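From first to last, the protein sequence lines stand for chains A and B. For what it's worth, the UniProt record's numbering labels the leading residue of the first sequence as 1, then goes sequentially. For what it's worth, the UniProt record's numbering labels the leading residue of the second sequence as 1, then goes sequentially. Take a look at the structure below.
Protein chains: 2
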Amino acid sequence: MKFTCNQQTLTKALNTVSKAVSNRTTLPILKGILLEAKANGKLIMTASDLEISIQKETEAYVEEEGSIVVISKLFGDIIRKLPNEEISIESNEENSVLIKTSSSEFTVVSFPVDEFPKIGEKEEIKDDLIFDKEIFKDMVRKTSFAASIDESKGILVGILTEIGREKVSMVALDGFRLALANENMTSAEENKFIISAKIMNEISKIISDDETDDDIRILMGEKKAVFNIGTTEVILRLMEGEFIKYKEIIPKNNDINVIIGKSILLESIERASLLAKEGKNNLIKMTIKNNLLTITSRSEEGNVKEEIIMEKTGDDLEIGFNSKFIIDVLKAIDDEEISMNFKTGTSPCVVKPVEGNSYEYLILPVRIPSM
Amino acid sequence: MKFTCNQQTLTKALNTVSKAVSNRTTLPILKGILLEAKANGKLIMTASDLEISIQKETEAYVEEEGSIVVISKLFGDIIRKLPNEEISIESNEENSVLIKTSSSEFTVVSFPVDEFPKIGEKEEIKDDLIFDKEIFKDMVRKTSFAASIDESKGILVGILTEIGREKVSMVALDGFRLALANENMTSAEENKFIISAKIMNEISKIISDDETDDDIRILMGEKKAVFNIGTTEVILRLMEGEFIKYKEIIPKNNDINVIIGKSILLESIERASLLAKEGKNNLIKMTIKNNLLTITSRSEEGNVKEEIIMEKTGDDLEIGFNSKFIIDVLKAIDDEEISMNFKTGTSPCVVKPVEGNSYEYLILPVRIPSM
Chain A
1 MKFTCNQQTL
11 TKALNTVSKA
21 VSNRTTLPIL
31 KGILLEAKAN
41 GKLIMTASDL
51 EISIQKETEA
61 YVEEEGSIVV
71 ISKLFGDIIR
81 KLPNEEISIE
91 SNEENSVLIK
101 TSSSEFTVVS
111 FPVDEFPKIG
121 EKEEIKDDLI
131 FDKEIFKDMV
141 RKTSFAASID
151 ESKGILVGIL
161 TEIGREKVSM
171 VALDGFRLAL
181 ANENMTSAEE
191 NKFIISAKIM
201 NEISKIISDD
211 ETDDDIRILM
221 GEKKAVFNIG
231 TTEVILRLME
241 GEFIKYKEII
251 PKNNDINVII
261 GKSILLESIE
271 RASLLAKEGK
281 NNLIKMTIKN
291 NLLTITSRSE
301 EGNVKEEIIM
311 EKTGDDLEIG
321 FNSKFIIDVL
331 KAIDDEEISM
341 NFKTGTSPCV
351 VKPVEGNSYE
361 YLILPVRIPS
371 M
Chain B
1 MKFTCNQQTL
11 TKALNTVSKA
21 VSNRTTLPIL
31 KGILLEAKAN
41 GKLIMTASDL
51 EISIQKETEA
61 YVEEEGSIVV
71 ISKLFGDIIR
81 KLPNEEISIE
91 SNEENSVLIK
101 TSSSEFTVVS
111 FPVDEFPKIG
121 EKEEIKDDLI
131 FDKEIFKDMV
141 RKTSFAASID
151 ESKGILVGIL
161 TEIGREKVSM
171 VALDGFRLAL
181 ANENMTSAEE
191 NKFIISAKIM
201 NEISKIISDD
211 ETDDDIRILM
221 GEKKAVFNIG
231 TTEVILRLME
241 GEFIKYKEII
251 PKNNDINVII
261 GKSILLESIE
271 RASLLAKEGK
281 NNLIKMTIKN
291 NLLTITSRSE
301 EGNVKEEIIM
311 EKTGDDLEIG
321 FNSKFIIDVL
331 KAIDDEEISM
341 NFKTGTSPCV
351 VKPVEGNSYE
361 YLILPVRIPS
371 M
């Protein structure tokens, strides 16, 4: 194998594929990146762990076809630190690669291609979907934080995506809060799939790095899906099992309705959290009375009272929350005004836009001890 | 005690004094900040650990004189998160402080002033010195990295400052390298003192934050010194003992002289370091031959050869270095061209400006095993 490629082009491609390199293993081959130089002037780089495989195609001047596996970290560090000029990469006999520029010459170990894991192999395609890039990224940002990060929680680490003919939804929940995002998007096919929030976030990052204007193309198989993002291809394992029937959880008759400024509420809750460390559940109490929201909390170090003017319809209410769960939600919202709907001090609160339903968050309250 | 002060003013002052708050102790009073409101409209904040005391004076509207100790982290977090408006601070009976703005009200624990450590107490002044702010910062940046970070090394954790009538020097060394900075500066008094590099770096940060144009005024006592930086006063313990006779260490007859570009050398050494992990001493080999500097290194993962054109007078040479020590030096230098002077492969290298002597670095070589 022998090819020449520009330093910046190689660096960008390595930054993308290296997201799939496992850092949990000590087996060198699993920390590898597969380089394939093709006669048609294409260089294909691939990295895989057990859940995801990322492949990136770039242009290169290929003098001799071939393929090789290099250590991702070492190879990436070398390429990143070389000056922005043409880099020649050539496989030697005896499992090594020669990396050369005008003044630098590296010889580094390589591994035979047949040891590289084949988890990136594709399946028969059942469905072929198109997804708008910006909508995808925005919906992942609005929902992924609500998924569980505890791998033992099974399906709760995933985001359910439901694609209809006219609209698309994503939903994540961890037992304490639920995040639902809805957007208008036309699709030729209906579909639904569950992918871990971690992988959905990786795909969002790849979308952000992608310089093409193309939509995402998703090829669905039985157990795997292939995401095509510009010249990057992501092959991932779909999560199996039934997602929680989330529509049944969202309360429909929360008739205490508060309209309030998001930033002022976020800042007040962040301040109240400074004295809400007791018992580690970040307890804050909200008192909704007439047109005033009062937020209080206390710890051994002191206590705090925050007051915010708001609009309210319905009864007065006292309710406790883990402040972290409200802060996460408010940080995910772009709107300056939001609607918060309550029923009782022991039933979930729903946070929505003042108009429309582009997001819906459900937050479970926390019982208030005598405070 | 009762005073009102602007949020931004308080935040800036807290950022300065909190540099002296110890985070190693579990005794709340040692994590405290002393607030003193004076009848003349001055608020004085003080924090101390065992080595350094920082005091900052700001303007405040004082309604009632008094003083109190608050928990630095909690008080700082609250003030930083409040909106930019006037904050009222009032001591209550029963060891607590009330912090109030238009919509927030905090009550936090406080401590009696007499429990606050008195290590900031001053001594009789023996000398009164003036030091240019920018020169001080620049010289600390050029030398402090070469001091030892190992507290058990005694005087080697310090920087020796020598103030003459016409020039000033700072020097630090750790047994492997030495950093010497010289500047022209007139002083009415001669003096020398040793202060730990850690504290010298803290003083540099305070200088960077200071908004006045004033020079630093240093009041020297027997065992302590007081640095006046704008409205900030730093009281610190001087290090005792004799500094190493550094002038005797710096070789005078290194007659192999290389003139080379600093950035290109730094980048080459950084690349070579990627394959210099063996035995953890970051060994790189420099071969100086005719007008070519070749840098090589190797590890189990591969090897590298870097070539740089240079100007040389004197013999050819092979010499090994711990790449970290050269990288530290090159990063501290602003010049684009530098002079490196060698004698043999086993004697120290001296790095200097091509003209003048504003810095002088000495780096010990490392023995090259057969490689």
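Glycine is no exception: its CB is placed at the ideal position from the N, C-alpha and C atoms. Keep in mind that this is a model prediction, so the values were computed, not measured.
{"Item": "Would residue 8 of chain B and residue 92 of chain B be called neighbours here (beta carbons separated by less than 7 Å)?", "Value": "no"}
{"Item": "Please report the distance separating the alpha-carbon of residue 86 of chain A from that of residue 330 of chain B.", "Value": "27 Å"}
{"Item": "Could you check the C-alpha separation between residue 116 of chain B and residue 195 of chain B for me, to the nearest Å?", "Value": "24 Å"}
{"Item": "With a Cβ-Cβ cutoff of 7 Å, do residue 147 of chain A and residue 157 of chain A count as a contact?", "Value": "yes"}
{"Item": "Between residue 5 of chain A and chain B, is the shortest Cβ-Cβ distance under 7 Å, so that the two count as touching?", "Value": "no"}
{"Item": "Can you tell me whether residue 1 of chain A is buried or exposed? The criterion is at least 16 other CB atoms within 10 Å of its CB, across all chains shown.", "Value": "buried"}
{"Item": "Going by DSSP, what residues sit across from residue 360 of chain A in a beta bridge?", "Value": "A:180"}
{"Item": "Please state whether the Cβ-Cβ distance between residue 319 of chain A and residue 345 of chain A is less than 7 Å.", "Value": "yes"}
{"Item": "Can at least three beta-carbon pairs, one atom from the segment 28-42 of chain A and one from the segment 61-69 of chain A, be found at a separation below 8 Å?", "Value": "yes"}
{"Item": "Take the Cβ of residue 371 of chain A as the centre, count every other Cβ of all protein chains shown within 10 Å, and call the residue buried at 16 or more, exposed below.", "Value": "Because the pLDDT at residue 371 of chain A is just 47, under 50, the model does not fix this residue reliably, and the point stays unresolved."}
{"Item": "What would DSSP say about residue 428 of chain B, mapped onto helix, strand or coil?", "Value": "The question about residue 428 of chain B has no answer, for chain B in this structure spans 1 to 371."}
{"Item": "With residue 367 of chain B as the anchor, note down where its beta strand (DSSP E) starts and where it stops.", "Value": "Per DSSP, residue 367 of chain B belongs to no beta strand (DSSP E) and is neither H nor E."}
{"Item": "Checking 7 Å against the spacing of the C-beta atoms, do residue 207 of chain B and residue 235 of chain B come in under that value?", "Value": "no"}
{"Item": "With the cut-off set at 7 Å, would you say residue 347 of chain B and residue 282 of chain B are in Cβ contact?", "Value": "no"}
{"Item": "To be precise: take each residue of the segment 12-34 of chain B, compare its Cβ to all Cβ atoms of chain A, and keep it if any distance is under 7 Å. Which residues remain?", "Value": "none"}
{"Item": "Where are the beta strand (DSSP E) runs, 3 residues long or more, that stay fully inside the segment 60-94 of chain B, in chain order?", "Value": "61-64, 66-71, 86-92"}
{"Item": "Measuring only the C-alpha atoms, how far is residue 372 of chain B from residue 266 of chain B?", "Value": "The question about residue 372 of chain B has no answer here: the residues shown for chain B are numbered 1 through 371."}
{"Item": "Assuming residue 293 of chain B is part of the beta strand (DSSP E), what are its boundary residues?", "Value": "292-299"}
{"Item": "Which one of A:128, A:183, A:130, A:100 has the shortest CA to CA distance from residue 140 of chain A?", "Value": "A:183"}
{"Item": "Based on DSSP bridge pairs, tell me the residues matched to residue 253 of chain B.", "Value": "For residue 253 of chain B, which the question treats as bridged, DSSP gives no partner whatsoever."}
{"Item": "Using the rule of at least 16 other Cβ atoms within 10 Å of the residue's Cβ for burial, across every protein chain shown, is residue 107 of chain A buried or exposed?", "Value": "buried"}
{"Item": "How would you list, in chain order, the residues of chain A whose beta-carbon sits under 7 Å from the beta-carbon of residue 87 of chain B?", "Value": "Neighbours of residue 87 of chain B on chain A: none; closest Cβ ~12 Å, over 7 Å."}
{"Item": "With DSSP as the reference, identify every bridge partner of residue 55 of chain B, one or two as the case may be.", "Value": "B:46, B:233"}
{"Item": "Considering only residues of the same chain and omitting the five flanking positions on each side of residue 201 of chain A, which have a CB-CB separation below 6 Å?", "Value": "144"}
{"Item": "From the beta carbon of residue 105 of chain B, is the nearest beta carbon of chain A less than 7 Å away?", "Value": "yes"}
{"Item": "Determine the direct distance from the alpha carbon of residue 29 of chain A to that of residue 89 of chain A, and round the result to whole angstroms.", "Value": "19 Å"}
{"Item": "Report the rounded CA-to-CA distance for residue 255 of chain A versus residue 341 of chain A, giving the unit in angstroms.", "Value": "7 Å"}
{"Item": "Contact defined as beta carbons within less than 8 Å: I believe residue 72 of chain A pairs with residue 18 of chain A. What is the distance between those atoms, to the nearest angstrom?", "Value": "5 Å"}
{"Item": "Do residue 78 of chain A and residue 274 of chain B count as a contact pair if the criterion is CB distance below 7 Å?", "Value": "yes"}
{"Item": "Establish whether the CB of residue 81 of chain A and some CB of chain B are separated by less than 7 Å.", "Value": "yes"}
{"Item": "Going by DSSP in three states, residue 143 of chain B sits in which element: helix, strand or coil?", "Value": "helix"}
{"Item": "Rounded to a whole number of angstroms, what is the C-alpha to C-alpha distance between residue 277 of chain A and residue 259 of chain A?", "Value": "28 Å"}
{"Item": "Output yes if chain B places a C-beta closer than 7 Å to the C-beta of residue 262 of chain A; else output no.", "Value": "no"}
{"Item": "Can you list, in chain order, the residues of its chain with a C-beta nearer than 6 Å to that of residue 352 of chain B? Leave out the 5 residues immediately preceding and following it.", "Value": "339, 360"}
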